[in-house]
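Peer 1: Here's a structure for you.
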């Protein structure tokens, strides 16, 4: 997938990175999410929700600012509740964040 960003009078074409491979495991009052490292990105954005359609009022997000990081833990969630999780990468181009496509949605139950 290609994206074009308007920069002055010129367009810059960027090839978006592929989707992130994700696995999720339930932990005490939360979950741990791991993914494969993607080269050429600045960081990752994790989005999780109690609704599979990711309604804004039921959704939270977490940013991972280091590209070398390949896992994150989300805590303080309700025990026994099912959460839907997805991840995407981002990079900074001309001072603006450019995001990739979201990974496939994974489900996990907080223990």
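Numbering (my numbering), first residue to last: 987 to 1097.
Cβ coordinates follow ideal geometry from the N, Cα and C atoms, glycine included.
Just so we're clear, the structure is a prediction, and the values are computed from it rather than from any experiment.
(1) Do residue 1072 and residue 1096 have their CB atoms nearer than 8 Å?
(2) Measuring CB atoms only, is the region 1039-1046 touching the region 1019-1029, in the sense that at least three cross pairs come out at less than 8 Å?
(3) State the start and end residues of the unbroken beta strand (DSSP E) segment that holds residue 1047.
(4) Less than 7 Å separating the Cβ of residue 1033 from some heavy atom of the ligand ATP?
(5) Whole angstroms are fine: how far does the CA of residue 1009 sit from the CA of residue 1047?
Peer 2: In short, the structure shows the following:
(1) Locating residue 1072 in the chain shown gives position 86, counting from the first residue. Locating residue 1096 in the chain shown gives position 110, counting from the first residue. Contact: no.
(2) In short, these stretches do not touch, since the Cβ pair count stays below three.
(3) Here residue 1047 corresponds to residue number 61 of the chain shown, with the count starting at 1. Segment 1045-1050, the beta strand (DSSP E) holding residue 1047.
(4) As far as ligands go, the structure on display features none, and thus does not contain the ligand ATP.
(5) Within the chain shown, the letter at position 61 stands for residue 1047. Within the chain shown, the letter at position 23 stands for residue 1009. Rounded to whole angstroms, residue 1047 to residue 1009 spans 17 Å at the Cα level.
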